[in-house]
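First up is the structure itself, then whatever we jot down about it.
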Amino acid sequence: MKKPTRVNHPPAVGLPPDNRPLVDPIYQSVKFEFGEVDATLKALRGQRPGFFYTRVSNPTLRQLELLLAEMQGRDDAIVLGSGVAATSAAFLSLLKQGDHVLGFVETYAPTRRTLQRILARFGVSLTLLSIEDLEGAERVLAERPTRLVIFESPTNPVTKIADIPRLTDLAHRHGALVVLDNTFAGLHNHGEYDIDLYTHSLTKFASGHSDVMGGAIIGRVELIRPIRQDHILIGAVLDPHAAYLILRGLKTYFLRYRAICASAQRIAEYLAAQPQVERVCYPGLASHPQHALARAQMQDFGGVVSFDLAGGEAAATRFSEALELFGLTASVGSTESLVMAPQMLKAYDLTADQRRISGVRENTVRLSIGIEEAEDLIADISQALDRASRPA
Ligand SMILES: Cc1ncc(COP(=O)(O)O)c(C=O)c1O
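So the sequence shown is numbered by numbering that gives the first Met the number 0: it starts at 0 and just counts up by one.
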């Protein structure tokens with residue numbers, strides 16, 4: 000064998016049957032072969048186990064899918080290249096021309112925009128209500144046949160809590176599927192509710208380290224199967240190396256989530272005691288309007304704390320820029336703490352009325368708490384509050 004041939008067919012090194020790696024290898028391979036046409040065709044038709052092409056499936060991706068399904072308490076999952084790929088793949092598979100969707104003002108803006116900008120072109124309509132308006136939801140569901148209800152809890156950024164049992168019951172009574180974007184609450188929350196599909200941005204708490212993007216749809220096998228068939232054609236695939244990084248992140252998921260929630264609670268309490276803070280939004284505070292509901296529905300209260308700062312947008316901007324330990328950037332659920340200033344939170348596509356419903360004000364700041372020492376974070380917040388109160 001000449002060397003140019005050999006480098007493409009390197010020596011095989013297999014493990015003896017009684018020897019296994021503690022960390023599974025990354026199957027960084029697009030193609031898998033059986034060496035026999037019959038076995039290949041059987042695998043392609045799903046008549047025998049095995050892998051053929053990574054856009055369809057891959058052992059590293061499958062390992063992540065099985066783990067996520069188990070964490071969320073369902074029997075199947077599909078992983079994709081990002082959180083928005085997960086929501087849009089769910090929409091594209093579940094919806095058809097003429098379908099109606101019930102959504103909420105308090106959802107991640109690209110979720111709304113996917114429905115308004117892309118699905119609308121295919122004849123899908125959307126009604127947007129407030130997540131607090133269950134009477135409105137009942138009215139809309141009674142008036143219009145609805146294929147799907149999509150919501151979040153806690154909502155971004157002001158952490159409103161959806162009444163999950165009431166909303167799922169209403170939707171199911173009217174024949175609609177229920178999709179919950181469970182990114183903020185995490186993979187360990189809300190599994191006991193009658194949710195048909197969970198979507199997650201794995202970019203956030205699941206991977207946790209700000210270095211990889213991913214998304215997942217989790218649910219019953221019979222709902223995931225058609226989504227997977229469509230996904231093979233659309234191709235928003237997760238790379239095996241990204242899947243490996245997410246699997247690695249998940250090893251510390253519970254440790255990180257616990258630490259983040261404990262610090263978020265302390266920070267929310269600290270902020271609530273500051274005279275220049277007008278409102279603190281954190282479901283773990285007894286003052287949160289839906290604290291009792293959050294307690295009943297969640298094992299913990301999440302890592303996002305929002306608050307309104309006296310002095311308007313200018314003071315909130317000064318505060319955000321004065322923080323030293325918080326990255327002034329998008330996203331939540333990373334090891335590093337992050338901050339979003341009011342201008343970065345403003346939903347420019349909403350009407351004035353919808354903006355009021357959203358609960359985001361001109362002086363609202365969102366903090367995503369990381370795993371740094373809570374004391375250091377509080378000291379940083381304290382100095383930033385001080386600087387925010389002193390215009391230059
Ligand atoms: C609730 C929620 N869902 C979905 C997404 C989209 O995730 P990704 O950025 O991985 O596409 C985000 C991102 O911020 C989010 O906050």
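Cβ coordinates follow ideal geometry from the N, Cα and C atoms, glycine included.
From the DSSP output, in three-state form, read off Lys-30 for me.
strand
Using the rule of at least 16 other Cβ atoms within 10 Å of the residue's Cβ for burial, across every protein chain shown, is Ser-381 buried or exposed?
With fewer than 16 other Cβ atoms within 10 Å, it is exposed.
Assuming Ile-370 and Arg-255 are in contact, meaning their beta carbons sit under 8 Å apart, how far apart are those beta carbons, in whole angstroms?
6 Å
Start-to-end residues for the beta strand (DSSP E) that takes in Ile-149:
147–151
Would you say the beta carbon of Val-83 comes nearer than 7 Å to a heavy atom of ligand 1?
In this structure, the C-beta of Val-83 approaches ligand 1 to less than 7 Å from one of its heavy atoms.
heavy atom of ligand 1 below 7 Å from Glu-151 C-beta:
Because some heavy atom of ligand 1 lies under 7 Å away, the Cβ of Glu-151 counts as near it: yes.
Taking all protein chains shown into account, do 16 or more other C-beta atoms lie within 10 angstroms of the C-beta of Leu-327, making it buried, or fewer, making it exposed?
exposed
Could you give the DSSP three-state label for Leu-176: helix, strand or coil?
strand
Compute the Euclidean distance between the alpha carbons of Asp-17 and Ser-28, then round it to the nearest angstrom.
The alpha-carbon atoms of Asp-17 and Ser-28 are separated by roughly 24 Å.
So, is His-230 buried or exposed, given that buried needs 16 or more other C-beta atoms within 10 angstroms?
buried
Taking 8 Å as the threshold, find out whether the region 299–309 comes into contact with the region 259–271 through three or more Cβ pairs.
yes
Residues bridged to Cys-280 by DSSP?
Under the DSSP definition of a beta bridge, Cys-280 partners with Ser-305.
Pick from Arg-257, Leu-65, Val-177, Phe-103: whose alpha carbon is nearest that of Ala-215?
Leu-65
Counting only runs of 3+ residues fully inside the region 325–372, write out the beta strand (DSSP E) ranges in chain order.
337–339, 363–367
Give the DSSP bridge partners of Asp-75, in chain order.
Gly-218
Just list the residues that DSSP pairs Phe-395 with in beta bridges.
Because residue 395 is not part of the residues shown, which for the chain are 0 to 391, the question remains open.
Rounding to the nearest angstrom, what Cα-Cα distance links Arg-219 and Thr-202 in this structure?
23 Å
Cβ atoms of Arg-165 and Leu-133: under 8 Å apart, would you say?
Against a cut-off of 8 Å, the Cβ pair of Arg-165 and Leu-133 comes out as a contact.
Should Thr-350 be labelled buried (16 or more other beta-carbon atoms within 10 Å of its own) or exposed?
A residue is called buried once 16 or more other Cβ atoms fall within 10 Å of its Cβ, and Thr-350, having fewer, is exposed.
For Thr-198, report the span of its beta strand (DSSP E) as first-last.
196–200
Answer with buried or exposed for Pro-239, where buried requires no fewer than 16 other C-beta atoms within 10 angstroms of its C-beta.
buried
Output the distance between the C-alpha atoms of Lys-41 and Ser-56, rounded to the nearest integer angstrom.
Just so you know, the alpha carbons of Lys-41 and Ser-56 end up roughly 15 Å apart.
Contact under 8 Å by Cβ, Phe-103 with Phe-51
no
Just checking Met-212 against ligand 1 - is the residue's beta carbon closer than 7 Å to any of the ligand's heavy atoms?
yes
For the region 159–174 and the region 185–197, state whether three or more C-beta atom pairs, one from each stretch, are separated by less than 8 Å.
Cβ pair count under 8 Å is three or more, so yes.
In this structure, does DSSP put Tyr-192 in helix, strand or coil?
coil
Taking the C-alpha atoms as reference points, what is the distance between Gly-49 and Ala-272?
58 Å
What are the boundary residues of the alpha helix (DSSP H) that Phe-90 is part of?
82–93
Among all the DSSP beta bridges, which residues are the ones paired with Tyr-52?
Lys-30
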